[in-house]
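Enquirer: If you count by this note's numbering, then the sequence shown holds residues 1 to 523, one letter each, in order.
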Amino acid sequence: MNSHIARERMADVVRPDSITTSQGDFLATHVPIRKLHILDQFIYAPSEGISRDEEEIYSQYVLNPENRHQFAVIYGQSGTGKSHLIRWLATRYNFDKPENEVVLFISRSDNTLKGTIRQLLATPEVKDIARKDIFDRLVKATVFEDENKLKGRIYHDLINEVEWDQGDHGISISTVKRKRLTAFLYNEVIQQHMMEQGGPVERIYSRVAEKTGVDRDTIAQFDPEDFSVSADLLEDIQRAGADPKVEKLARVLLSEDGSEEAVELASYLNQFVNTVIQRSAGIEAGDFRDIFLDIRRELGKIGKALTLFIEDITSFTGVDDALLDALVVEHTGMHAGENLCRICAFVGTTNVFVQDHFKDNHKDRVTSWIYIPDNIFETQELYEFVGRYLNVMSLPADKISDWAENGARAEYYPVHKVTDGATWDFCSIKGGVSLCLYPFTKNAIQYLYQHAMSEGHRTPRYLIRDLIEPTVREILHEKSAFPSNRSRVVNGNTALANITRNATSDNQEQERLMRFLSIWGDG
1 MNSHIARERM ADVVRPDSIT TSQGDFLATH VPIRKLHILD QFIYAPSEGI
51 SRDEEEIYSQ YVLNPENRHQ FAVIYGQSGT GKSHLIRWLA TRYNFDKPEN
101 EVVLFISRSD NTLKGTIRQL LATPEVKDIA RKDIFDRLVK ATVFEDENKL
151 KGRIYHDLIN EVEWDQGDHG ISISTVKRKR LTAFLYNEVI QQHMMEQGGP
201 VERIYSRVAE KTGVDRDTIA QFDPEDFSVS ADLLEDIQRA GADPKVEKLA
251 RVLLSEDGSE EAVELASYLN QFVNTVIQRS AGIEAGDFRD IFLDIRRELG
301 KIGKALTLFI EDITSFTGVD DALLDALVVE HTGMHAGENL CRICAFVGTT
351 NVFVQDHFKD NHKDRVTSWI YIPDNIFETQ ELYEFVGRYL NVMSLPADKI
401 SDWAENGARA EYYPVHKVTD GATWDFCSIK GGVSLCLYPF TKNAIQYLYQ
451 HAMSEGHRTP RYLIRDLIEP TVREILHEKS AFPSNRSRVV NGNTALANIT
501 RNATSDNQEQ ERLMRFLSIW GDG
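(1) Once DSSP output is grouped into helix, strand and coil, what is the label at E378?
(2) Counting C-beta neighbours from all protein chains within 10 Å, is the total for E54 16 or more, i.e. buried, or is it exposed?
(3) Helix or strand or just coil, what does DSSP make of F184?
(4) For N274, tell me which candidate among V489, D236, P65 and H169 has the shortest Cα-Cα distance.
(5) Applying the 10 Å Cβ sphere with the 16-neighbour rule, what's the burial state of V214?
(6) Are the beta-carbon atoms belonging to Y586 and I154 less than 7 Å from one another?
(7) Suppose the cutoff is 7 Å on Cβ atoms and the five residues either side in sequence are ignored; what does the same chain contact list for L39 look like?
(8) Could you check whether the segment 440-453 touches the segment 463-470, counting it as contact only if at least three pairs of C-beta atoms, one from each stretch, sit closer than 8 Å?
(9) Is it buried or exposed for Q197, if we count other Cβ within 10 angstroms and need 16 for buried?
(10) Contact check, T116 vs F292 under 8 Å by CB: the rounded distance?
(11) Tell me the start and end of each unbroken alpha helix (DSSP H) in the segment 33-72 that is at least 4 residues and wholly inside, in chain order.
(12) Please confirm whether F593 and A345 have their CB atoms less than 7 Å apart.
(13) What are the boundary residues of the beta strand (DSSP E) that G348 is part of?
(14) Would you list, in sequence order, the uninterrupted alpha helix (DSSP H) runs of no fewer than 4 residues that lie entirely inside the segment 400-462?
(15) Do the CB positions of R289 and A322 come within less than 7 Å of each other?
(16) Thinking C-beta only, is I159 closer than 7 Å to V189?
(17) Enumerate in chain order the residues of its own chain whose CB-to-CB distance from K417 is below 7 Å, with the five nearest sequence positions on each side excluded.
(18) Going by beta-carbon coordinates alone, are E374 and R458 separated by less than 7 Å?
(19) Within this structure, are the beta carbons of V62 and L89 separated by less than 7 Å?
(20) Considering only C-alpha positions, which residue in the set E478, P224 and V386 is nearest to S434?
(21) Which two residues bound the contiguous beta strand (DSSP E) that contains A305?
(22) Name the DSSP beta bridge partners of L104, please?
(23) Using a Cβ-Cβ cutoff of less than 8 Å, which residues in the same chain neighbour V14 once the five nearest sequence positions on both sides are dropped?
(24) Count the other C-beta atoms from every protein chain shown that fall within 10 angstroms of the C-beta of S59, then say buried if there are 16 or more, exposed otherwise.
(25) Using the Cβ count rule (16 or more neighbours within 10 Å means buried), how would you classify D146?
(26) May I have the straight-line CA-CA distance separating P224 from F272, to the nearest angstrom?
(27) If you run the structure through DSSP and keep just helix, strand and coil, what is W164?
(28) Measuring alpha carbon to alpha carbon, tell me which residue in L85, E101 and S22 is nearest D402.
(29) Once the 5 residues before and after F184 are set aside, which same chain residues still bring their CB inside 8 Å of it?
(30) Does DSSP classify I370 as helix, strand or coil?
(31) What are the boundary residues of the alpha helix (DSSP H) that R486 is part of?
(32) As a quick exercise: from D294, G432, I499 and E330, pick the residue whose alpha carbon is nearest that of Y412.
(33) Based on DSSP bridge pairs, tell me the residues matched to G523.
(34) Taking only the alpha-carbon atoms, compute the straight-line gap between E311 and Q77 and give it to the nearest angstrom.
(35) Please report the residue range of the alpha helix (DSSP H) in which T528 lies.
(36) Can H357 and L324 be called in contact, C-beta distance under 7 Å?
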């Protein structure tokens with residue numbers, strides 16, 4: 001490590017989301033993914049499947065030697081590296097694409113509908129479409145609106161959908177329940193509860209607004225927990241002099257049967273969310289379908305094809321059905337007369353979103369399911385992942401940028417001059433390069449990965465957030481306490497503990513020494 005440079009660069013490099021890093025830092029920290037499962041149908045968390053590495057995915061699907069229509073979904077749990085893989089595929093393809101291929105890359109951006117629309121409007125292909133009415137609507141949809149005003153409009157639009165529901169949606173409830181729910185949502189105490197930070201209105205708002213603090217993988221929907229009524233909340237409702245219908249529903253939700261009622265109400269309300277998001281953004285359901293079909297017609301006229309990379313389909317929440325309608329349409333067969341260009345689409349999403357929000361007809365039209373499991377790294381890849389991040393944060397940004405602009409070739413991968421930890425562990429990577437692992441050792445990386453990271457969180461995002469960043473921050477700013485008690489010893493060696501007690505009378509130093517020998521050493 002070069003601590004002097006790392007102090008300045010760490011904040012730019014150690015970021016959990018690939019979209020927030022520079023192109024050079026992104027490429028320089030990339031570790032090949034070798035355990036991708038290829039499936040011919042959606043399975044929520046497959047334990048088996050044809051295993052492929054990213055190079056095979058790139059050669060077979062992205063380069064698309066047979067020039068065929070494709071709609072590939074790349075999915076996995078939150079933090080497994082879906083966005084990273086899609087960005088890597090898109091970056092690589094921009095170097096290799098044929099002259100007649102147009103590449104559109106839709107970043108997660110701030111993962112909102114407005115942010116996604118803004119990206120689309122910046123592409124020449126959208127600017128040149130004939131449907132100016134749609135273009136104008138999309139422009140208006142990006143106009144900033146006061147946060148509280150927009151949240152209030154979302155909430156009251158939802159109430160309006162419930163109040164005037166004609167029973168023509170997929171899920172219906174009785175007239176009595178609907179009237180109780182309407183009164184319940186109108187209630188001032190409940191409205192305040194629903195609009196709290198982290199609540200359902202904020203989750204929906206986060207998919208419309210320009211920028212929010214909501215997690216990128218949050219799905220815009222009601223959860224059954226949103227209808228959990230406590231005794232205190234019921235008391236607040238009664239104290240405010242609520243409509244009897246409100247109190248009746250609150251009592252049901254507080255009772256033993258409350259959980260079933262909450263599930264039903266959440267499911268019922270969720271069917272209106274897309275309509276409310278569209279209305280809030282000022283667009284129509286078919287706008288995105290028509291936009292992409294028009295792009296394909298324009299490209300078809302001039303003999304070009306389209307490859308589309310979408311880091312996260314939830315960016316299109318509210319219009320995702322219409323978008324998927326456009327992506328599944330083939331350019332041959334019954335649509336041959338429409339002069340649509342060939343499209344290859346690579347879409348990232350989570351298991352949960354596919355299961356709950358993909359219609360069966362969309363699932364049936366997916367040509368390839370590419371699943372990223374949780375534990376994607378073997379031991380050497382784990383060392384490489386950590387080593388690359390430590391190396392990049394120890395290099396000036398211009399050195400990384402120069403390497404990236406000159407083709408990002410492995411044989412010219414830039415390596416920092418080690419000023420801290422020259423006698424510590426190193427790991428080897430492609431191109432005959434060795435990377436210093438200070439302030440980690442190989443033992444520490446394995447130990448912390450196995451014991452400090454919970455099952456389901458052993459993913460690239462959490463490796464950065466929970467392992468690399470805090471450890472580096474500690475060695476840079478709190479070296480005298482390193483390693484701190486943030487790192488826990490699991491089943492420590494009793495004899496070693498006795499030795500550390502004899503080494504110093506300072507209890508904190510005893511514990512620190514025990515941590516260092518047990519985690520960074522071999523115990």
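Yeah, the Cβ is synthetic: ideal placement off N, Cα and C, and Gly gets one too.
Everything numeric in this text was worked out from a predicted model, so none of it was measured.
Expert: According to the data block:
(1) Your numbering for residue 378 matches position 378 in the sequence shown. In the structure shown, E378 falls within a coil segment according to DSSP collapsed to helix, strand and coil.
(2) Position 54 of the sequence shown, counting from 1, holds the residue named residue 54. Buried, by the Cβ-count rule.
(3) The count along the sequence shown starts at 1 and reaches residue 184 at position 184. F184 falls in the helix class under three-state DSSP.
(4) Along the sequence shown, one-based indexing puts residue 274 at 274. Nearest C-alpha to N274: H169.
(5) By one-based count along the sequence shown, residue 214 stands at place 214. With a pLDDT of only 49 at V214, under the threshold of 50, the placement of this residue in the model should not be trusted, and no figure is reported.
(6) Absent from the structure is residue 586, since the part of the chain shown begins at 1 and ends at 523.
(7) On the sequence shown, residue 39 is found 39 positions in, with the first residue counted as 1. Non-local beta-carbon contacts of L39 in its own chain, meaning distances under 7 Å to residues more than five positions away in sequence, involve P46, G49, W369 and Y371 in chain order.
(8) The answer is yes - the segment 463-470 touches the segment 440-453, with three or more Cβ pairs under 8 Å.
(9) Here the question's residue 197 lines up with position 197 in the sequence shown. By the neighbour-count rule (16 or more Cβ atoms within 10 Å), Q197 is not buried but exposed.
(10) In the sequence shown, residue 116 corresponds to position 116, counting from 1. In the sequence shown, residue 292 corresponds to position 292, counting from 1. At roughly 13 Å, the Cβ-Cβ gap does not stay under 8 Å, so T116 and F292 are not in contact.
(11) With a minimum length of 4 residues, the continuous alpha helix (DSSP H) runs that stay inside the segment 33-72 are 54-57.
(12) Past the boundaries of the shown model lies residue 593; the chain is included only from 1 to 523, so the question cannot be answered.
(13) Walking along the sequence shown from the start, residue 348 turns up at place 348. Element bounds for G348: I343 to T350.
(14) Unbroken alpha helix (DSSP H) runs of no fewer than 4 residues, entirely contained in the segment 400-462, are found at 442-451, following chain order.
(15) Position 289 of the sequence shown, counted from the first residue, corresponds to residue 289. Position 322 of the sequence shown, counted from the first residue, corresponds to residue 322. Yes, Cβ-Cβ distance for R289 and A322 is below 7 Å.
(16) The residue you call residue 189 lines up with position 189 of the sequence shown. The residue you call residue 159 lines up with position 159 of the sequence shown. Contact: no.
(17) One-based indexing of the sequence shown puts residue 417 at position 417. The answer, listed in chain order, is N2.
(18) Translated into positions along the sequence shown, residue 374 becomes position 374. Translated into positions along the sequence shown, residue 458 becomes position 458. Rather than Glu, the amino acid found at residue 374 in this sequence is Asp. Their beta carbons are under 7 Å apart, which means D374 touches R458 by this criterion.
(19) Position 62 of the sequence shown, counted from the start, is the residue given in the question as residue 62. Position 89 of the sequence shown, counted from the start, is the residue given in the question as residue 89. Yes.
(20) As a position in the sequence shown, residue 434 is number 434, starting the count at 1. The candidate whose alpha carbon is nearest that of S434 is V386.
(21) Locating residue 305 in the sequence shown gives position 305, where the first residue counts as 1. Here the beta strand (DSSP E) through A305 covers A305 to I310.
(22) Within the sequence shown, the letter at position 104 stands for residue 104. DSSP output for L104 lists L308 as bridge partner(s).
(23) Taking the sequence shown and counting its residues from 1, the one referred to as residue 14 is at position 14. In chain order, Y389, M393, I464, I468, E469 and V472 place their CB closer than 8 Å to the CB of V14, counting only its own chain and leaving out the 5 sequence neighbours on each side.
(24) For this step, residue 59 is matched to residue 59 along the sequence shown. Exposure of S59 is indicated by the presence of fewer than 16 other C-beta atoms within 10 angstroms of its C-beta.
(25) Stepping through the sequence shown from its first residue, residue 146 is reached at position 146. With fewer than 16 Cβ atoms within 10 Å of its Cβ, D146 is classed as exposed.
(26) Translated into the one-based positions of the sequence shown, residue 224 becomes position 224. Translated into the one-based positions of the sequence shown, residue 272 becomes position 272. Rounded to the nearest whole angstrom, the CA to CA distance from P224 to F272 is 16 Å.
(27) Working through the sequence shown from its first residue, we reach residue 164 at position 164. Look at W164 here: in three-state DSSP terms it is coil, with no helix or strand label.
(28) Looking up residue 402 in the sequence shown gives position 402. Per the Cα distances, S22.
(29) In the sequence shown, counting from the first residue as 1, residue 184 sits at position 184. The residues are I190, K245, V246, L249 and A250.
(30) Translated into positions along the sequence shown, residue 370 becomes position 370. Strand.
(31) The sequence position of residue 486 within the sequence shown is 486, counting from 1. Counting along the chain, R486 falls outside any alpha helix (DSSP H), and DSSP gives it neither H nor E.
(32) Locating residue 412 in the sequence shown gives position 412, where the first residue counts as 1. Selected option, being the one with the closest Cα: G432.
(33) Numbered from 1 along the sequence shown, position 523 holds the residue referred to as residue 523. Residue pairing for G523: DSSP places it in no beta bridge.
(34) Translated into the one-based positions of the sequence shown, residue 311 becomes position 311. Translated into the one-based positions of the sequence shown, residue 77 becomes position 77. In a straight line, the C-alpha of E311 is about 14 Å away from that of Q77.
(35) No answer is possible for residue 528: it lies beyond the span of the chain, which begins at 1 and ends at 523.
(36) Position 357 of the sequence shown, counted from the start, is the residue given in the question as residue 357. Position 324 of the sequence shown, counted from the start, is the residue given in the question as residue 324. Contact check for H357 against L324 fails: the beta carbons are separated by 7 Å or more.
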